[in-house]
Amino acid sequence: MKHEHPKSPFHDHEHAVEFDRRAAKSGIRAELEKKLIDMLALKGEELVLDLATGTGRFARPVAEHITGGRVIGIDQALAMLRVGHEHEDTVPGYRQVAGEAEALPFKGDTFDRAFVSFSLHHFGRPALVAREILRVLKSGGQFVILDPVLDAPRDSLDRRLEERVNQVFRRTD
Numbered sequence: 236m237k238h239e240h241p242k243s244p245f246h247d248h249e250h251a252v253e254f255d256r257r258a259a260k261s262g263i264r265a266e267l268e269k270k271l272i273d274m275l276a277l278k279g280e281e282l283v284l285d286l287a288t289g290t291g292r293f294a295r296p297v298a299e300h301i302t303g304g305r306v307i308g309i310d311q312a313l314a315m316l317r318v319g320h321e322h323e324d325t326v327p328g329y330r331q332v333a334g335e336a337e338a339l340p341f342k343g344d345t346f347d348r349a350f351v352s353f354s355l356h357h358f359g360r361p362a363l364v365a366r367e368i369l370r371v372l373k374s375g376g377q378f379v380i381l382d383p384v385l386d387a388p389r390d391s392l393d394r395r396l397e398e399r400v401n402q403v404f405r406r407t408d
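Going by my numbering, the sequence shown opens with residue 236, and the numbers climb by one from there.
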């Protein structure tokens with residue numbers, strides 16, 4: 236079953252260009268990029284999957300830390316992939332692929348590492364996505380998730396904090 240998002244703004248080229256422009260200026264993303272690279276504990280030879288790669292804003296710096304492996308970024312939003320291909324700063328260890336997160340087009344036990352950044356909350360069936368990631372990860376592989384997930388609000392302060400976080404992420408999404 237294909238997971239369609241016909242009304243998603245990520246399928247619109249102009250939105251994808253604007254998203255990429257904003258992501259390039261994001262201080263939070265730059266800080267998290269460093270943490271992601273640390274969490275992946277790369278040695279340099281890994282094959283890494285970037286789920287919902289978008290324009291490759293997280294995949295590119297990860298690929299720069301890999302000397303003998305590479306990063307494969309997959310996304311179903313062709314407009315985002317197109318903007319990624321339009322980047323002038325090509326990274327040799329990074330390749331983009333169109334595909335669905337709920338039915339990854341890879342053999343099992345393929346990847347050493349996998350990550351998803353700022354996207355898991357967009358999936359309608361995240362458990363199915365996680366099952367697919369586990370299928371394509373090698374034994375002992377690592378899956379890192381960076382996503383704006385907060386505990387359920389307990390009081391008015393928590394609700395205001397959650398709303399503020401959502402406002403920040405809506406500006407970039």
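Beta carbons are placed, not taken as given, at the ideal position from N, Cα and C, and that holds for glycine.
Alpha carbon of residue i to alpha carbon of residue j, nearest angstrom
i: H300; j: T325; result: 14 Å
i: L286; j: A338; result: 12 Å
i: I368; j: A259; result: 27 Å
i: G328; j: L284; result: 12 Å
Close Cβ partners of residue i (< 6 Å) along its chain, the five nearest in sequence each way excluded
i: D344; result: K373
Burial state of residue i (16 or more Cβ within 10 Å)
i: E239; result: In this predicted model, E239 has a pLDDT of only 44, less than 50, meaning its place in the structure is not dependable; the value taken from the coordinates is given anyway. E239 should be labelled exposed.
i: G308; result: buried
i: T290; result: buried
i: S391; result: exposed
i: T288; result: buried
Cβ shell of residue i (< 8 Å), same chain only, five flanking positions each side left out
i: G376; result: F346, D347, R348, A349
i: E313; result: Note on identity: in this sequence residue 313 is Leu, with Glu being the wrong assignment. Once the five neighbours on either side are set aside, the close Cβ partners of L313 are H246, A333.
Contact set for residue i: own chain, Cβ-Cβ below 7 Å, skip 5 residues either direction
i: L316; result: D310, Q331, A333
i: F358; result: A336, V364
Delimiting residues of the beta strand (DSSP E) encompassing residue i
i: K332; result: According to the sequence provided, residue 332 is Val. The question's Lys does not apply to it. Taken as a continuous stretch (DSSP letters only), the beta strand (DSSP E) holding V332 covers 329-333.
Range of the contiguous alpha helix (DSSP H) that encloses residue i
i: R366; result: 361-371
i: R409; result: Absent from the model: residue 409. The displayed extent of the chain is 236 to 408, so no value can be given.
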